[in-house]
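Below: the structure, in structure tokens.
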Amino acid sequence: MVGGGGQPPEVGGVCALVGLCPRRSVAPVGADGVCAGAAVLLIDLDGFKQVNDTYGHEIGDQMLIGFADVLRRTVQPPDVPARLGGDEFAVLLPAVGSAADATTLAQRILDECRRPLNLSGHIVHLRASIGVAVSRPGDPSGDGDPHQLLHQAELAMYTAKRGTKNAWVLYSAELKNAGHPDGAPAAELPDAVDEGLYQPSKAPGRD
1 MVGGGGQPPE VGGVCALVGL CPRRSVAPVG ADGVCAGAAV LLIDLDGFKQ
51 VNDTYGHEIG DQMLIGFADV LRRTVQPPDV PARLGGDEFA VLLPAVGSAA
101 DATTLAQRIL DECRRPLNLS GHIVHLRASI GVAVSRPGDP SGDGDPHQLL
151 HQAELAMYTA KRGTKNAWVL YSAELKNAGH PDGAPAAELP DAVDEGLYQP
201 SKAPGRD
């Protein structure tokens with residue numbers, strides 16, 4: 001069992017626990033190395049640690065599986081849902097029409113989370129903080145850089161967590177100097193980019 005920590009083990013190219021793509025399948029990069037016209041949703045489950053600590057890893061794992069099911073119900077191809085690790089998930093929209101399309105999906109995910117989960121007799125309400133970043137062609141703030149897009153999505157996600165939580169925030173230039181809720185500098189997902197973990201990949205299905 002993962003229990004909310006570490007890089008998830010895989011079986012058949014998907015996360016062994018929740019059946020979603022691993023983070024290397026999240027690929028906001030085109031053949032030319034840029035990601036113009038793509039969007040990324042970074043998602044952190046609110047209250048997961050409390051559930052995990054209170055009820056144990058087995059219930060925590062069931063909560064992760066329940067949220068993965070939410071993503072399967074709300075995310076349609078060519079968009080790709082993935083589990084990054086712990087209680088963090090992502091959705092890649094490789095050819096988003098507009099920022100409104102990305103935020104509409106974020107809201108749909110939150111709406112779907114309203115269904116309470118019965119986890120071995122424990123009633124749990126899913127809540128999530130979602131950061132949304134869109135690479136707009138010609139936008140000098142991102143310039144099609146996948147590192148920058150992921151960083152922007154992370155800043156937006158932490159802004160959501162500092163606010164009401166259970167909400168989405170769309171990245172804007174005003175968030176440029178934002179950081180983690182505890183005041184530490186925001187760490188980019190991008191170690192994964194540097195390590196070649198973000199590569200174009202067809203999303204595998206769940207067995």
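At position 185 of the sequence shown the residue is numbered 185 (full-length UniProt numbering), and the sequence of numbers has no breaks. Even for Gly, the Cβ is constructed at its ideal location relative to N, Cα and C.
Residue burial is scored here from C-beta neighbours: H151 has at least 16 other C-beta atoms within 10 angstroms and is therefore classed as buried.
Look at the beta carbons and you see the stretch 99-112 not touching the stretch 48-64: under three pairs across the two are nearer than 8 Å. Per DSSP, D79 lies in no beta strand (DSSP E) and is assigned neither H nor E. Residue nearest to S129 within the set A95, R72, A153 and L175 is A153 (criterion: CA-CA distance).
Collapsing the DSSP output to three states places V70 in a helix.
Straight through space, the alpha carbons of I109 and L71 are spaced by roughly 7 Å. Where N52 is concerned, the enclosing alpha helix (DSSP H) starts and stops at F48 to Y55. Check the Cα spacing between V169 and each of K176, N177 and Y158: the tightest is with Y158.
With fewer than 16 other Cβ atoms inside 10 Å of its own Cβ, I123 counts as exposed. At a cut-off of 4 residues, the continuous stretches assigned as alpha helix (DSSP H) that sit fully inside the stretch 88-157 are 99-112. Shown here, G60 sits in a helix according to DSSP, grouped into three states. For A39, the enclosing beta strand (DSSP E) begins and ends at A39 to L45. Each of V80, L64, R83 and L42 was checked against the Cα of K49, and the nearest Cα belongs to L64. Between D44 and E112, the CB-CB gap reaches or exceeds 8 Å.
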